Amino acid sequence: MQLDAFIRRMPKVELHVHLEGSIQPETLLQLAERNNVSLPATTVEGLREWYTFTDFAHFIEIYIAISSCICSAEDIELIAREFLRGQAAQNILHSEVTFTPFTHFSLNRHIPFDAQFAALSRAREWAAKELGVSVGWVLDISRNVRPIEHGLTVADWAIGGMDNGVVALGLGGPEIGHPPELFESAFDRARAAGLASVPHAGETVGPESIWGALRSLRAQRIGHGVRCLEDSALVAELRARQTPLEVCPTSNVCLGVAASIAEHPLPRLLDAGLYVTINSDDPPMFNTTLTDEYLKIAAAFGFGVETIKQLVLNALRASLLPEVRRLEMEARFQREFAEVQP
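Per the numbering used here, the sequence shown starts with residue 57, numbered consecutively.
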């Protein structure tokens, strides 16, 4: 119980969480009502039941329905504020949050990117002032959207936001049939401008996806990456580079990468000397939070305070915060660890 209390109170950083996938049922119902969008349920309880993960097709159904409820820049600001309020409640002091702008520009309600980004910026400034938490935006390319050239558009948007909170270019969506190599030109453009590369790879596709992210996209972090264990040469490469892996245990279980938390490869990743961080991915869809992820892995694997602290510090040190800010935050974390440690 002392460890549980420590985990709940300790400062945290999250590197892999999707803004659209963070929308709680209460907020979705509010969006649907004000935008006159029909959903499978009309109560919070009904939506919560509908959110319950069953399979990947159902997950995509929910994601599409959520996107259809985001109809304006004001909606984007609302979901961003609600998300950041939830992060603050967990003492997550810094988050690097994936947002998929092309969905709302082209595939959904044609919200101009400038309006989308202004909404994100207002939420970011509000959270810093009112909640004392920071956020960096990872604008990601939808790897299944065609034409491929839409990735260049997203890269340009990301570059344009570098002075106002955009920290990286990401690559999300279904891995199967959409390898990282397809998006090399977009990531080359972003990297030339000084943006970090943080693609998803190695969750539903194996080591070849991670190799592609490293070689073609020059990935600085890997979203998921847990299937690297299928290739000893890749494990050696990731260990030598100390490339951070954004591991999302409950998401991996729900999507069939691991049969259960107890059977998750997390201990093997750590034993292999890989750089691991813990994250929640799409928390309400997987009925989890970042705090819950730490509680689950501590219980499943018998991790003690020191291991949990190291995983938190891994996330902080792998963040894309400026070095001075990162060092200041680490000193704060160490002080807060000491205050709440059992």
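Idealized CB from N, CA, C, for every residue including glycine. None of these values were measured; they are calculated from a predicted model.
Task: Bridge partner(s) assigned by DSSP for F192 - done: Counting from 1 along the sequence shown, the entry for residue 192 is found at position 136. The identity of residue 192 in the sequence shown is Gly, whereas the question assumes Phe. Paired residue(s): E152.
Open item on the list: Which same chain residues end up closer than 7 Å to R247 when comparing Cβ atoms and leaving out the 5 residues on each side of it in sequence?
Closed with: Sequence index remark: in the sequence shown, residue 247 carries index 191 (1-based). Here the set comprises S253 and R274.
Open item on the list: Since G281 and I266 should fall inside the 8 Å C-beta cutoff, what is the C-beta to C-beta distance between them, to a whole number of angstroms?
Closed with: Position 225 of the sequence shown, counting from 1, holds the residue named residue 281. Position 210 of the sequence shown, counting from 1, holds the residue named residue 266. Confirmed, Cβ separation roughly 6 Å.
Task: Span separating the alpha-carbon of A314 from that of I197 - done: Position 258 of the sequence shown, counted from the start, is the residue given in the question as residue 314. Position 141 of the sequence shown, counted from the start, is the residue given in the question as residue 197. Roughly 26 Å between the two C-alpha positions.
Task: 8 Å Cβ cutoff met for A257 and G226 - done: Taking the sequence shown and counting its residues from 1, one reaches residue 257 at position 201. Taking the sequence shown and counting its residues from 1, one reaches residue 226 at position 170. The answer is no: Cβ separation not under 8 Å.
Task: the segment 99-110 touching the segment 144-153, judged by at least three CB pairs closer than 8 Å - done: no
- [ ] Could you check what DSSP says for H320 in three-state terms: helix, strand or coil?
- [x] Reading the sequence shown from its first residue, position 264 is the one you call residue 320. Reduced to three states, the DSSP call for H320 is coil.
- [ ] Would you list, in sequence order, the uninterrupted beta strand (DSSP E) runs of no fewer than 3 residues that lie entirely inside the segment 253-285?
- [x] 278-280
- [ ] Give me whichever residues DSSP pairs with V69 in a beta bridge.
- [x] In the sequence shown, counting from the first residue as 1, residue 69 sits at position 13. Partner(s): H150.
TODO: For A179, I'd like the list of residues in its chain whose CB is within less than 6 Å of its CB, leaving aside the five on either flank, ordered along the chain.
DONE: Looking up residue 179 in the sequence shown gives position 123. Excluding sequence neighbours, A179 sits near E133, A136 and R137.
TODO: Ignore the nearest five residues each way along the sequence and tell me which others in L208's own chain have a CB closer than 6 Å to its CB.
DONE: Counting from one through the sequence shown, the residue named residue 208 turns up at place 152. Correct list, in chain order: A242.
Task: Start-end ranges of the beta strand (DSSP E) lying completely within the segment 167-230, minimum 3 residues - done: 190-198 and 222-228
- [ ] Return helix, strand or coil for I334, following the three-state DSSP convention.
- [x] Stepping through the sequence shown from its first residue, residue 334 is reached at position 278. The answer is strand: DSSP assigns I334 an E or B state.
Open item on the list: Just verifying my parser: in three-state terms, what is the DSSP assignment at V396?
Closed with: Taking the first residue of the sequence shown as position 1, residue 396 is located at position 340. Helix.
- [ ] Out of L59, D60, Q58 and R65, state which residue places its alpha-carbon closest to the alpha-carbon of R391.
- [x] Position 335 of the sequence shown, counting from 1, holds the residue named residue 391. For R391, the nearest C-alpha among the options comes from R65.
Task: Given 8 Å, three or more beta-carbon pairs between the segment 287-299 and the segment 315-322 - done: no
- [ ] Alpha carbon to alpha carbon, how far is D219 from E349? Give it in angstroms, no decimals.
- [x] Locating residue 349 in the sequence shown gives position 293, counting from the first residue. Locating residue 219 in the sequence shown gives position 163, counting from the first residue. Those two C-alpha atoms are separated by around 32 Å.
Task: DSSP beta-bridge partners of H74 - done: As a first step, residue 74 is located in the sequence shown; it is residue number 18 there, counting from the start. Bridge partners of H74: T154.
TODO: Could you tell me the distance, in whole angstroms, from the CA atom of E181 to the CA atom of L383?
DONE: As a working mapping, residue 181 is identified with position 125 in the sequence shown. As a working mapping, residue 383 is identified with position 327 in the sequence shown. For E181 and L383, the distance between alpha carbons rounds to 22 Å.
Open item on the list: Among P255, G142, F62 and P230, whose alpha-carbon lies nearest the alpha-carbon of V194?
Closed with: Here residue 194 refers to the residue found at position 138 when the sequence shown is read from its first residue. Ranking P255, G142, F62 and P230 by Cα distance to V194 puts P255 first.
Open item on the list: As a quick exercise: from K68, A61 and F62, pick the residue whose alpha carbon is nearest that of R373.
Closed with: In the sequence shown, the residue the question calls residue 373 occupies position 317. Among K68, A61 and F62, the Cα nearest to that of R373 is on K68.
Task: alpha helix (DSSP H) segment containing L301, residue limits - done: Sequence index remark: in the sequence shown, residue 301 carries index 245 (1-based). No alpha helix (DSSP H) contains L301, which is instead part of the beta strand (DSSP E) from L301 to V303.
Open item on the list: Here's a check: name, in chain order, each residue in its chain whose Cβ is nearer than 7 Å to the Cβ of L376, leaving out the five neighbours to either side.
Closed with: One-based indexing of the sequence shown puts residue 376 at position 320. Around L376: E152, G192, V223, A224 and A252.
Open item on the list: Going by C-alpha to C-alpha distance, which of S128, A129 and A97 sits closest to I118?
Closed with: Residue mapping note: residue 118 aligns to position 62 of the sequence shown, counting from 1. That would be A97, whose Cα lies nearest to the Cα of I118.
- [ ] For the alpha helix (DSSP H) holding P81, just list the boundary residues, first then last.
- [x] By 1-based counting over the sequence shown, the position of residue 81 is 25. P81 -> alpha helix (DSSP H) spans P81 to N91.
Open item on the list: Once DSSP output is grouped into helix, strand and coil, what is the label at I126?
Closed with: Residue mapping note: residue 126 aligns to position 70 of the sequence shown, counting from 1. Residue state, collapsed to three classes: coil.
TODO: Could you check what DSSP says for I132 in three-state terms: helix, strand or coil?
DONE: The residue you call residue 132 lines up with position 76 of the sequence shown. Looking at I132 - three-state DSSP - the assignment turns out to be helix.
TODO: Specify the secondary structure class of L311 as computed by DSSP and reduced to three states.
DONE: The sequence position of residue 311 within the sequence shown is 255, counting from 1. Residue state, collapsed to three classes: coil.
Open item on the list: For A357, report the span of its alpha helix (DSSP H) as first-last.
Closed with: Translated into the one-based positions of the sequence shown, residue 357 becomes position 301. The sequence shown places Phe at residue 357, rather than the Ala named in the question. First-last of the alpha helix (DSSP H) with F357: L346 to F357.
- [ ] Could you check if S307 is buried or exposed, using at least 16 other CB atoms within 10 Å of its CB as the buried criterion?
- [x] Locating residue 307 in the sequence shown gives position 251, where the first residue counts as 1. Buried is the call here.
- [ ] Could you tell me the boundaries of the alpha helix (DSSP H) in which A328 lies?
- [x] Locating residue 328 in the sequence shown gives position 272, where the first residue counts as 1. Premise fails: A328 is in no alpha helix (DSSP H) and is neither H nor E.
Task: Through-space distance from P339 to Q146, alpha-carbon basis - done: On the sequence shown, position 90 is the one that residue 146 refers to. On the sequence shown, position 283 is the one that residue 339 refers to. Looking at the two C-alpha atoms, the distance is approximately 13 Å.
- [ ] Determine the DSSP secondary structure at Q298, reduced to helix, strand or coil.
- [x] One-based indexing of the sequence shown puts residue 298 at position 242. Of the three classes helix, strand and coil, the one that applies to Q298 here is coil, per DSSP.
- [ ] Could you check if I364 is buried or exposed, using at least 16 other CB atoms within 10 Å of its CB as the buried criterion?
- [x] The count along the sequence shown starts at 1 and reaches residue 364 at position 308. Buried.
Open item on the list: Closest to F173 by C-alpha separation, out of D131, N200, Q143 and V368, would be which residue?
Closed with: Locating residue 173 in the sequence shown gives position 117, counting from the first residue. Among D131, N200, Q143 and V368, the Cα nearest to that of F173 belongs to D131.
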